[in-house]
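Okay, structure first, notes after.
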Amino acid sequence: MNNGGWGLRVMIALCAVLVGALLIVVILISTGFFGLVKTNNKGGSQIDESRTYNSMELQMINASKKYIKKFYNNELEENDPLYIRVSSLQNEKLMDTLYDVKDSSIECSGYVKVIKINKETKYESYMKCGSNYTSEGYTARFDG
């Protein structure tokens, strides 16, 4: 007697398809396929909140603002550029170590150029991550 409803075979097939799809998603997430999980240098896993070079450069700018407030009380000379190295920001515990997005074994370096023009403070970040990434306008002498 078939009243147009689902049979046992259809129900089992549908469950098998759903379990298979769920299994594939779990495998992709656990291997980091979606780019959400990375392995840190200690072999563990952590959520990667700074997946792009742009977001890393933004972290540099935010840390530089804290640095300027801490050491210069937000008082900079007009038209006199200040170069703040990432290593200085890290030494002051204003930001963590930056690792390359493509290879977490490569440590990134860089600097932030801060200049006050017409009473407005401007921040420009420059970063180098091995041979994988270099910001446009990056100059190695400021990254000593």
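Residue 160 is where the sequence shown starts when you use this note's numbering, and the numbers rise one by one after that.
From the three backbone atoms N, C-alpha and C, an ideal C-beta is built for every residue, glycine too.
Quick check: what's the CA-CA separation for residue i versus residue j?
i              : j             : result
valine 176     : glycine 296   : 52 Å
lysine 225     : leucine 253   : 7 Å
glutamate 283  : aspartate 262 : 24 Å
tyrosine 285   : valine 245    : 10 Å
glutamate 251  : tyrosine 242  : 15 Å
valine 185     : glycine 179   : 10 Å
isoleucine 227 : valine 273    : 9 Å
asparagine 213 : arginine 168  : 52 Å
Exposed or buried, what is residue i when buried is set at 16 or more other beta-carbons lying within 10 Å of its beta-carbon?
i              : result
serine 264     : exposed
isoleucine 206 : Residue confidence is low: isoleucine 206 scores 40 on pLDDT, short of 50, so the model does not pin down where it sits. Its coordinate-derived value is still stated next. With fewer than 16 Cβ atoms within 10 Å of its Cβ, isoleucine 206 is classed as exposed.
methionine 170 : exposed
tyrosine 231   : exposed
glutamate 216  : buried
Name the DSSP bridge partner or partners of residue i?
i            : result
arginine 300 : For arginine 300, which the question treats as bridged, DSSP gives no partner whatsoever.
query = For the stretch 236-245 against the stretch 287-294, are there 3 or more C-beta pairs whose distance is under 8 Å?
reply = no
key: Complete alpha helix (DSSP H) runs within the stretch 232-303 (minimum length 4 residues, chain order)   = 245-250
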